[in-house]
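*Asks:* I am attaching a structure below and will ask some questions about it afterwards.
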Amino acid sequence: MIRLGVNVPNFGPGSSYDALLGWARFAEDGGFGTLVVSDHVVLTPEVAAIYPEPFHDPFVLLAWLAEPAGPDRPAGVGTLAQVVGDVGALAALGAAEVILDPNPDRPRPRDYRAEQRDLREIKEAYEAVA
């Protein structure tokens with residue numbers, strides 16, 4: 018069986034929080050297999066000229082939309098490289114604590130705080146439970 022996905026428009030005037038939640042609920046109620054958003058994290062002037070603001074961060078947006086999508090079908094947050102990169106960037110910027118929790122419903126031995134762990138260990142831990 019082929020499972021289709023929904024691309025949520027995460028930019029422009031049609032991307033209010035109510036509209037974004039509506040897309041997540043539409044995807045869940047419609048039985049779609051995937052909820053995706055554009056992966057532009059840093060907008061170049063060329064992209065900004067074509068696509069109107071606001072332009073929501075894909076990592077944060079999908080993490081937020083995962084709950085409305087329902088606990089039985091988790092929303093993806095992009096590639097592992099993106100997740101590890103975001104966690105590493107937050108740690109490098111001096112975040113007091115960054116916890117990587119790929120599946121809060123599954124027991125795990127400990128939290129993974131980026132300032133205390135090598136990114137390779139975070140990657141291995143994520144792959145073990147994802």
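Residues are numbered in the working numbering as their position in the sequence shown, beginning at 1, plus a constant of 17. C-beta atoms are modelled at their ideal positions from N, C-alpha and C, and glycine is treated no differently. Nothing here was measured: the structure is a model prediction, and the numbers come from that model.
How many Å lie between G47 and E70 at the Cα?
*Replies:* For the purposes of this step, residue 47 is identified with residue 30 of the sequence shown, where counting begins at 1. For the purposes of this step, residue 70 is identified with residue 53 of the sequence shown, where counting begins at 1. Their backbone Cα atoms lie some 28 Å apart in a straight line.
*Asks:* Helix, strand or coil for L49, going by three-state DSSP, please let me know.
*Replies:* Your numbering for residue 49 matches position 32 in the sequence shown. Checking the displayed sequence, the identity of residue 49 turns out to be Phe instead of Leu. F49 falls in the coil class under three-state DSSP.
*Asks:* Could you tell me the distance, in whole angstroms, from the CA atom of L78 to the CA atom of A66?
*Replies:* For the purposes of this step, residue 78 is taken as the residue at position 61 of the sequence shown. For the purposes of this step, residue 66 is taken as the residue at position 49 of the sequence shown. Approximately 22 Å, taken between the alpha carbons.
*Asks:* DSSP three-state label for V25, please.
*Replies:* Mapped onto the sequence shown, residue 25 falls at position 8. Here V25 sits in coil by DSSP.
*Asks:* Just mark L82 as buried or exposed, buried being the case when its beta carbon has 16 or more other beta carbons within 10 Å.
*Replies:* To locate residue 82, count along the sequence shown from 1; it is residue 65. The residue is buried, with at least 16 neighbouring Cβ atoms inside 10 Å.
*Asks:* Near V23, which residues of its chain fall below 8 Å by C-beta distance, leaving aside the five closest residues on each side in sequence?
*Replies:* One-based indexing of the sequence shown puts residue 23 at position 6. Here the set comprises W40, F43, A44, G47, F49, T51, L52 and V53.
*Asks:* Quick check: what's the CA-CA separation for F76 versus R20?
*Replies:* The sequence position of residue 76 within the sequence shown is 59, counting from 1. The sequence position of residue 20 within the sequence shown is 3, counting from 1. The straight-line gap from Cα to Cα measures roughly 22 Å.
*Asks:* Within 10 angstroms of its Cβ, does S32 collect 16 or more other Cβ (buried), or is it exposed?
*Replies:* Within the sequence shown, numbered from 1, the residue matching residue 32 stands at position 15. Looking at its Cβ environment, which holds 16 or more other Cβ atoms inside 10 Å, S32 is buried.
*Asks:* Could you tell me the distance, in whole angstroms, from the CA atom of V25 to the CA atom of L37?
*Replies:* Position 8 of the sequence shown, counted from the first residue, corresponds to residue 25. Position 20 of the sequence shown, counted from the first residue, corresponds to residue 37. Approximately 7 Å between the Cα atoms of the pair.
*Asks:* Where does the unbroken alpha helix (DSSP H) through V77 begin, and where does it stop?
*Replies:* Counting from 1 along the sequence shown, the entry for residue 77 is found at position 60. Element bounds for V77: P75 to A83.
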